[in-house]
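So the structure is just underneath, and the comments pick up after that.
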Amino acid sequence: MTSNDSMSASQARKRIGLIGARGYTGAELIRLLAAHPRLELAFVSSRELDGQRVAD
Numbered sequence: 599m600t601s602n603d604s605m606s607a608s609q610a611r612k613r614i615g616l617i618g619a620r621g622y623t624g625a626e627l628i629r630l631l632a633a634h635p636r637l638e639l640a641f642v643s644s645r646e647l648d649g650q651r652v653a654d
């Protein structure tokens, strides 16, 4: 691995999931995580909001 390879790997976006996303706190976490340059919000889950869309 070269230094360029390690830099690109460390700068790659990490896929994360959020469990228990509901209410104001859940919405704020979704907003912050979706705007984060190094994170990809790949999964959101909430029992109370089962089947509802989170965002487009």
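Read in order, the letters of the sequence shown are residues 599 to 654 in the working numbering.
We put the CB at the ideal spot given by N, CA and C, even for glycine.
*Is the beta carbon of Lys-612 less than 8 Å from the beta carbon of Arg-651?*
Mapped onto the sequence shown, residue 612 falls at position 14. Mapped onto the sequence shown, residue 651 falls at position 53. No, Cβ-Cβ distance for Lys-612 and Arg-651 is not below 8 Å.
*So, helix, strand or coil for Arg-629, using DSSP?*
Position 31 of the sequence shown, counted from the start, is the residue given in the question as residue 629. Correct three-state label for Arg-629: helix.
_Range of the contiguous beta strand (DSSP E) that encloses Ala-640_ = On the sequence shown, position 42 is the one that residue 640 refers to. From DSSP, the beta strand (DSSP E) with Ala-640 extends over 637–643.
*Mind checking Leu-630: buried by the 16 CB within 10 Å criterion, or exposed?*
For this step, residue 630 is matched to residue 32 along the sequence shown. It is exposed - the Cβ of Leu-630 has fewer than 16 other Cβ atoms within 10 Å.
*Contacting residues, own chain, Cβ-Cβ under 8 Å from Leu-627 (five flanking each side not counted)*: Position 29 of the sequence shown, counted from the first residue, corresponds to residue 627. Answer for Leu-627: Leu-616 and Ala-619, listed in chain order.
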